[in-house]
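Numbering (my numbering), first residue to last: 894 to 1286.
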């Protein structure tokens, strides 16, 4: 989804604003015309595919090239541009001519909209068709930031987003968490006994499975792209035999009547979103308790104890590791040798508490580079330490 004021992109998974950590010490140094970046002499989160930390001069040349490209006549002479209308979904074909400032995935009323507004309260979200469209919009300077779901407390990690993080050279600059509260909604006047099918995002349907089996045992479940999209479709098509599982805001936006609130099977249903930017945040102060760093790496060798060796670089320095996720290496998923049977080849995504300005975190990453064939820092950013309900819009 795109956001319009400041530029922000966010994607959906399926109150009051929490006080965020002080960002006064998270700095962006020199700025260049046409480029939103900044550079300092501390370790930069951007990394090469070989795992070497890029120097500021390398990053500077990259950012200057982007600025020159953006300012060049060829970059601006793209024919007539079109403003993406409100409540329309941004598609890949629309990116080249879009003039909106910020993006998200999922129609208005989606939980991603709440996450985007929490990340940037003054922004106006514009939905994207798919997760990758938001990545493309951000990479192609349509938006300044993107807000994407990365994991849910019930459904687990969002693997598509993890894969896209590796494919695109973007940086995590923040995180927000949103409490998911599902509602069963229908057209006004429709009774629960008239419902023959229930529409929502696949994860939302899974999160209300027990409720649907007990309360609507004869109803058919239909999966759609997002929760609010289900509500929008029912309202537009006038389907009186269908119900949607979505947020209360979706019911308000599309004129639906809520039959029952809080129908999720588990109360603690939280989705964590990450905020992405083309440029990294660079912290000059080691505020380890307020920040988190995300990395991805692959061990040099496969065999007993290799993952243990990699993770020990954090344990030896008392660094709190908050998450680990493995994904098959797309370009080389299976490895074999004359002495070993075929094995899966994995990448490991790790979140740990600390910043790149902290000497012990720098030492841990240097140690990890010695035993990894590939390592990249995805971002170092303020933690969202409190879960909160979607803000009132």
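Note that the Cβ used here is the ideal one computed from N, Cα and C, for glycine as well.
So, residue 1090 versus residue 1113, is the Cβ gap smaller than 8 Å?
yes
Between the CA atoms of residue 1258 and residue 1188 - distance to the nearest angstrom:
9 Å
Pull up the CB-CB distance for residue 1204 and residue 1063, whole angstroms please, since I reckon it's below 8 Å.
In fact, because the Cβ distance is near 25 Å, the residues do not count as touching under 8 Å.
Counting pairs of beta carbons, one from the region 1065 to 1074 and one from the region 1258 to 1269, are three or more of them closer than 8 Å?
no
Tell me, please, whether the region 1140 to 1150 touches the region 1003 to 1019 by the rule of three or more beta-carbon pairs shorter than 8 Å.
yes
Taking the alpha-carbon positions, what's the residue 928 to residue 1185 distance?
With a pLDDT of only 35 at residue 928, under 50, the local geometry of the prediction cannot be trusted, and no value is derived from it.
Entirely enclosed beta strand (DSSP E) segments - the region 1043 to 1087, minimum 3 residues
1064 to 1072 and 1076 to 1079
Starting from residue 1127, follow its DSSP beta bridges and name the residues at the other end.
DSSP, once it has assigned bridges, lists no residue as partnering residue 1127.
Can you round the beta-carbon distance between residue 1166 and residue 1040 to whole angstroms, since I take them to be within the 8 Å contact cut?
5 Å
Contacting residues, own chain, Cβ-Cβ under 8 Å from residue 1221 (five flanking each side not counted):
1237, 1238, 1239 and 1240
Residue range of the unbroken alpha helix (DSSP H) whose run includes residue 1027:
1024 to 1032
Counting C-beta neighbours from all protein chains within 10 Å, is the total for residue 1092 16 or more, i.e. buried, or is it exposed?
buried
Please state whether DSSP places residue 1248 in a helix, a strand or coil.
coil
The alpha helix (DSSP H) with residue 835 in it runs from where to where?
Within the shown structure, residues of the chain are numbered from 894 to 1286, placing residue 835 beyond reach of any answer.
Less than 6 Å between C-beta atoms, sequence neighbours within five positions excluded: which residues of the same chain meet that for residue 1043?
1051, 1054, 1165 and 1167
So what's residue 1171 in DSSP terms, helix, strand or just coil?
coil
Could you check the C-alpha separation between residue 1081 and residue 1122 for me, to the nearest Å?
18 Å
Taking the Cβ atom as the reference point for each residue, do residue 1061 and residue 1086 lie within a distance shorter than 8 Å?
no
Please name the residue in 1011, 1209 and 1152 whose C-alpha comes closest to that of residue 1104.
1152
Mapping the DSSP letters down to three states, classify residue 1278 as helix, strand or coil.
coil
Is residue 1206 closer than 8 Å to residue 1136 when the C-beta atoms are compared?
no
Check: residue 1251 C-beta below 7 Å from any heavy atom of the ligand FAD
With respect to small molecules bound, the structure shown includes none, and the ligand FAD cannot be examined in it.
DSSP three-state assignment for residue 1011, whether helix, strand or coil
helix
Do residue 1094 and residue 1126 come within 8 Å of each other at the CB atom, strictly closer than that value?
no
Please report the distance separating the alpha-carbon of residue 1110 from that of residue 1277.
39 Å
Name the two residues that bound the continuous beta strand (DSSP E) containing residue 1192.
1184 to 1192
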